[in-house]
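**Student:**
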């Protein structure tokens, strides 16, 4: 079934980043896993440009999820505390996959939103982010 009202052409890295949230560790944690994932999609070695696009899109997707989930939590009356304790990203995903987490609750949305926010901020502060931005910028200015 296709929802034609919300169907649109998007950047290929969006879907890659969304799926990777559940099944692929970050490039900093596991370079080989990211390379294998992108190689499977593209049918050839990913190369630095594709890995950079993918890295940046992962941060954009995390920021999108953080915004959406934290907005939903705040609309439910939850207080957003930047210093709140939240589970580890991978642990939360395992609990989500196993059904231990109910994403219909405001508490889960708040936790998941903060997890995504922290993940994106951590990765955007890493040297890899600056490298990725420079690589993509240089590629597009040389065309």
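In the working numbering, the protein residues as written are 2 to 144.
Glycine included, every Cβ here is placed at the ideal spot set by N, Cα and C.
1) My output table needs one value for residue 103: the three-state DSSP class, helix, strand or coil.
2) Taking the C-alpha atoms as reference points, what is the distance between residue 128 and residue 28?
3) Tell me whether residue 128 sits in a helix, a strand or coil according to DSSP, three-state version.
4) Check whether the Cβ atoms of residue 117 and residue 66 sit closer than 8 Å, and answer yes or no.
5) Using only the alpha-carbon positions, how far apart do residue 108 and residue 94 sit?
6) Does the beta-carbon of residue 32 have 16 or more other beta-carbons within 10 angstroms, so that it is buried, or is it exposed?
7) Using the rule of at least 16 other Cβ atoms within 10 Å of the residue's Cβ for burial, across every protein chain shown, is residue 45 buried or exposed?
8) Identify every run of the beta strand (DSSP E) within the segment 37-83, keeping only runs that are complete inside it and at least 3 residues long; order them along the chain.
9) Can you find the residues in the same chain that come closer than 8 Å, C-beta to C-beta, to residue 36, ignoring five residues on each side of it along the sequence?
**Tutor:** For this structure:
1) Counted from its first residue, the chain shown places residue 103 at position 102. Residue 103 falls in the coil class under three-state DSSP.
2) Position 127 of the chain shown, counted from the start, is the residue given in the question as residue 128. Position 27 of the chain shown, counted from the start, is the residue given in the question as residue 28. Distance between the alpha carbons of residue 128 and residue 28: 12 Å.
3) Translated into the one-based positions of the chain shown, residue 128 becomes position 127. If DSSP states are grouped into helix, strand and coil, residue 128 belongs with the helices.
4) Within the chain shown, numbered from 1, the residue matching residue 117 stands at position 116. Within the chain shown, numbered from 1, the residue matching residue 66 stands at position 65. Yes, the Cβ-Cβ distance between residue 117 and residue 66 is below 8 Å.
5) As a first step, residue 108 must be located in the chain shown, where it is residue number 107. As a first step, residue 94 must be located in the chain shown, where it is residue number 93. Cα to Cα, residue 108 sits roughly 15 Å from residue 94.
6) Within the chain shown, residue 32 is the residue found at index 31, counting from 1. Exposed: under 16 other Cβ atoms inside 10 Å.
7) Numbered from 1 along the chain shown, position 44 holds the residue referred to as residue 45. The residue is exposed, with fewer than 16 neighbouring Cβ atoms inside 10 Å.
8) none
9) Position 35 of the chain shown holds residue 36. Cβ neighbours of residue 36 beyond the five flanking positions: 46, 47, 52.
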